[in-house]
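Below you'll find the structure, written out as structure tokens, and then a few comments.
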């Protein structure tokens, strides 16, 4: 779900587009101008770039641009069904309406990416380790119930029968867990490649893309 949210969130993609356009305007005439893409890590640096007043950050500027553009887009759609008197509002009133409408829309981004924030808290290394330990435990149990010494002396017949049944179901569940883990890792690798273009050999680092976006959403909320 987190992968789908990142690729399908119109607001998030619009925000990335706004960041890219703003960066290109700032770097116009330099070798860094005209960029086609950027790594998501750059989102966390937006608050560090300040304007000439020393207060307004690039993050603030981008968000304000987003708020206005979303306000204009939504308001224009509504204006098609309003009367002439409503359209003749003063410039200041219109701009304030754009701001209010846009702010309401942009504030939904955290809700749209709720699963991204949840995924950012997952420890992939611990998850992989847990699956491996379950597999190791099932193998040890199999060795135990296959112990010929136990069977020859007729000890624990009921125990062996119960454990064989348990092991039968456990191995099936562990196999499903392994398949689910590989499926999730594959999806995360694809989304990381989609946004970053490069891949980490360490599966534990794959979750970083969600951590970056989650931290950025935290910046937006503040």
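Residue numbers (UniProt numbering): 1 to 222.
All C-beta atoms in this analysis are idealised placements derived from N, C-alpha and C, irrespective of residue type, glycine included.
For the pair residue 220 and residue 109, the CB atoms are nearer than the 8 angstroms cut-off.
Boundaries of the alpha helix (DSSP H) harbouring residue 118: 114 to 119, taken from the DSSP string.
Bridge partners of residue 50 according to DSSP: 57.
Distance from residue 160 to residue 145 at the Cβ level is roughly 5 angstroms; contact confirmed, criterion being Cβ atoms closer than 8 angstroms. Shortest Cα-Cα distance from residue 75 to any of 95, 59, 56 and 90 involves 95. Contact check for residue 51 against residue 35 fails: the beta carbons are separated by 8 angstroms or more. Its Cα nearest to that of residue 210, the residue 113 stands out among 113, 60, 20 and 8. Sixteen is the threshold: since fewer than 16 other Cβ atoms of the shown chains lie within 10 Å of the Cβ of residue 37, the residue is exposed. Below 8 angstroms, enough C-beta pairs join the stretch 175 to 192 and the stretch 123 to 135 to call them touching: three or more. Within the same chain, and ignoring the five residues on either side of residue 72 in sequence, the residues whose Cβ sits closer than 7 angstroms to its Cβ are 98. Within the model, the alpha-carbon separation for residue 138 versus residue 188 is close to 28 angstroms. When 15, 207, 208 and 43 are compared, the shortest CA-CA separation from residue 107 is found for 15. The residue among 116, 30 and 58 with its C-alpha nearest the C-alpha of residue 6 is 116.
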